[in-house]
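Beneath this line is the structure, given in structure tokens, with notes to follow.
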Amino acid sequence: MSAIAGAGAQSPFAPGNDEAYARWRDRKLEARARAPQDLVVEVRDPRALTEAEKAEIVRRCRRDNMAIYASPVTGEDKEVPRRLGAQLGLATLDTNFLADEDGITSIAVSGAKAGAGFIPYTTHRIRWHTDGYYNPPALRIRAMLLHCVRDAASGGDTALLDHELAYLLLRDDDPAHVRALMAPDALVIPARVDDEGIARPEAVGPVFSTDPGTGDLHMRYTARTRSVAWKDDGATAAAAARLLGILDGDSGLVMRTRLQPGMGLVCNNVLHERSAFEDAPGRPRLLYRARYVERIAGTAFSWLETKTAG
129 MSAIAGAGAQ SPFAPGNDEA YARWRDRKLE ARARAPQDLV VEVRDPRALT EAEKAEIVRR
189 CRRDNMAIYA SPVTGEDKEV PRRLGAQLGL ATLDTNFLAD EDGITSIAVS GAKAGAGFIP
249 YTTHRIRWHT DGYYNPPALR IRAMLLHCVR DAASGGDTAL LDHELAYLLL RDDDPAHVRA
309 LMAPDALVIP ARVDDEGIAR PEAVGPVFST DPGTGDLHMR YTARTRSVAW KDDGATAAAA
369 ARLLGILDGD SGLVMRTRLQ PGMGLVCNNV LHERSAFEDA PGRPRLLYRA RYVERIAGTA
429 FSWLETKTAG
């Protein structure tokens, strides 16, 4: 731990660290995936990765904060995300109130959940977000897995953007944007109230933050306009508008793909969105989702490699 003491202050994501940022930026853009295929790792069984398969998944997550695996395992087995997570050093599930009793969430159309206003359980588009943006800091979601059991008849595509690249584009555009989004009160998610009172307290925090021990970048974000309150100042409004423009624009950095049965996403909670879809009769779309407090093992400190880059 002593080797990375003060890493948060040395991070290229810390405002003002222009030299470290420039080195990291060049390496990031040179190494990044160019197409969704660059993220894919073929695996025999995600419940029991070989050392080579695991190494390839971690390598992509270290480079792009995400990987997509493709496997022949298509049954309704929640041990797929659970065992896969364990192999990647993920142990602490976020057992949110919408998760199943075992902590793994089954994402499929649900009349009850849809009626309560929870968009993931409808056929509608889910706008850009990171998972757990409404969580308190102690339950920050650093990693997330999605495993596809059944895809939709049409639609349900996934768009992905490494949050480090979103930061890079914003900082290149204007460093004031990232400073505004690092403010501790940049984004407020109001309390959720139900018939019994406050079901979830208000969540106040930054959009971008760095881990004080490692310097790794974390992002909490939603493109929703309801149940969201941005800090009321010009700098935050400009930064939020620019970020949304990047996400909905043509930066060339967004990856668009479709998870098919047996495929899954493994990531350090990158930005993602889902397109609207239609289910086939008798064959509803089903994905398993697991959220974790930990980051994927072996993917921290990658920015330190840039300290000696020319």
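Read in order, the letters of the sequence shown are residues 129 to 438 in this note's numbering. Idealized CB from N, CA, C, for every residue including glycine.
**OP:** Find out if the Cβ-Cβ distance for the pair residue 394, residue 293 is shorter than 9 Å.
**Re:** Taking C-beta atoms as the reference points, residue 394 and residue 293 fail to come closer than 9 Å.
Original post:
If you scan the segment 329-361 from start to end, which runs of the alpha helix (DSSP H) of 4 or more residues do you find wholly inside it?
Top reply: DSSP runs (the alpha helix (DSSP H)) wholly in the segment 329-361: none.
Original post:
Considering only C-alpha positions, which residue in the set 288, 295, 317 is nearest to residue 401?
Top reply: Comparing alpha-carbon positions, the option among 288, 295, 317 lying closest to residue 401 turns out to be 288.
**OP:** Please classify residue 273: does DSSP put it in a helix, a strand, or coil?
**Re:** Residue 273: strand per DSSP, three-state reduction.
Original post:
Between 318, 392, 387, which lies nearest to residue 354 when the distance is taken from Cα to Cα?
Top reply: Of the candidates 318, 392, 387, the one whose C-alpha sits nearest the C-alpha of residue 354 is 318.
**OP:** Would you tell me roughly how many angstroms separate the C-alpha atoms of residue 366 and residue 231, rounded to the nearest one?
**Re:** About 38 Å.
Subject >> Residues near residue 181 by beta carbon distance below 7 Å, same chain, minus five either side >> reply: Around residue 181: 169, 171.
**OP:** Since I believe residue 399 is in contact with residue 256 (beta carbons under 8 Å), could you give me their beta-carbon distance rounded to a whole number of angstroms?
**Re:** Distance from residue 256 to residue 399 at the Cβ level is roughly 6 Å; contact confirmed, criterion being Cβ atoms closer than 8 Å.
**OP:** Give the C-beta separation of residue 359 and residue 311 to the nearest angstrom, bearing in mind that I take them to be a contact with Cβ-Cβ under 8 Å.
**Re:** Contact flag correct, Cβ pair sits at about 6 Å.
**OP:** Spatial neighbours of residue 281 within its chain, please: CB distance less than 7 Å, with the 5 preceding and 5 following residues excluded, ordered by chain position.
**Re:** In the same chain as residue 281, and ignoring 5 residues on each side of it, the C-beta atoms closer than 7 Å to its own belong to 406, 407, 408, in chain order.
Original post:
Any chance the segment 323-341 sits against the segment 139-151, with 3 or more Cβ pairs inside 8 Å?
Top reply: Contact between the segment 323-341 and the segment 139-151 is present, because at least three Cβ pairs lie under 8 Å.
Original post:
Apart from the five residues just before and just after residue 275, which ones in its own chain have a Cβ nearer than 7 Å to its Cβ?
Top reply: Cβ within range, chain order: 208, 209, 392, 415, 416.
Original post:
By Cβ distance, which residues of its chain are closer than 8 Å to residue 425, with the 5 residues on each side in sequence left out?
Top reply: Excluding sequence neighbours, residue 425 sits near 186, 216, 217, 218.
Subject >> Range of the contiguous beta strand (DSSP E) that encloses residue 208 >> reply: That residue, residue 208, is in no beta strand (DSSP E); its alpha helix (DSSP H) goes 207-215.
Original post:
Cβ of residue 213 within 9 Å of Cβ of residue 418?
Top reply: With respect to residue 418, residue 213 sits close: the two C-beta atoms are nearer than 9 Å.
**OP:** Identify which residue in 254, 144, 263, 412 has its Cα closest to the Cα of residue 327.
**Re:** Per the C-alpha coordinates, the member of 254, 144, 263, 412 positioned closest to residue 327 is 263.
Original post:
Which residues mark the beginning and the end of the beta strand (DSSP E) in which residue 417 is found?
Top reply: Looking at the DSSP string, the run of the beta strand (DSSP E) that includes residue 417 is 414-420.
Original post:
For residue 333, which residues of its own chain have a beta-carbon under 7 Å away from its beta-carbon, when the five flanking residues on both sides are left out?
Top reply: So the list reads 265, 312, 315, 348, once near-sequence residues are dropped.
Original post:
Start and end of the alpha helix (DSSP H) containing residue 324?
Top reply: Residue 324: not part of any alpha helix (DSSP H); DSSP gives it neither H nor E.
Subject >> Proximity below 9 Å, CB of residue 421 to CB of residue 220 >> reply: Their beta carbons are under 9 Å apart, which means residue 421 touches residue 220 by this criterion.
Original post:
For residue 130, which of helix, strand or coil comes out of DSSP?
Top reply: Any reading at residue 130 must be qualified, since the residue scores a pLDDT of 37, below 50, and its modelled position is unreliable; the value itself is stated next. Residue 130: helix per DSSP, three-state reduction.
Original post:
What distance in whole Å lies between the Cβ atoms of residue 201 and residue 390, which are believed to be in contact at a cut-off of 8 Å?
Top reply: Indeed they touch by this definition, with Cβ atoms about 5 Å apart.
Original post:
Nearest-angstrom Cα distance between residue 148 and residue 330?
Top reply: Distance between residue 148 and residue 330, taken at the CA atoms: about 35 Å.
**OP:** Consult DSSP for residue 146 and reduce its assignment to one of helix, strand or coil.
**Re:** Looking at residue 146 - three-state DSSP - the assignment turns out to be helix.
Subject >> Sequence-distant residues of the same chain with beta carbon closer than 7 Å to residue 206, five excluded per side >> reply: For residue 206, where only same-chain residues beyond five positions count, the Cβ hits under 7 Å are 230, 232, 416.
Original post:
Roughly how many angstroms separate the alpha carbons of residue 308 and residue 162, rounded to a whole number?
Top reply: Rounded to whole angstroms, residue 308 to residue 162 spans 29 Å at the Cα level.
Original post:
With distances taken from CA atoms, which of 363, 364, 368, 343 is nearest residue 350?
Top reply: Of 363, 364, 368, 343, the smallest CA-CA separation from residue 350 is found for 368.
Original post:
For residue 404, which residues from the same chain have a beta carbon less than 7 Å from its beta carbon, with the 5 sequence-adjacent residues on both sides left out?
Top reply: Here residue 404 has 251, 252, 253, 283 as same chain residues with Cβ atoms under 7 Å from its own Cβ, once five neighbours each way along the sequence are excluded.
Original post:
Roughly how many angstroms separate the alpha carbons of residue 146 and residue 300, rounded to a whole number?
Top reply: Roughly 11 Å separates the two Cα atoms.
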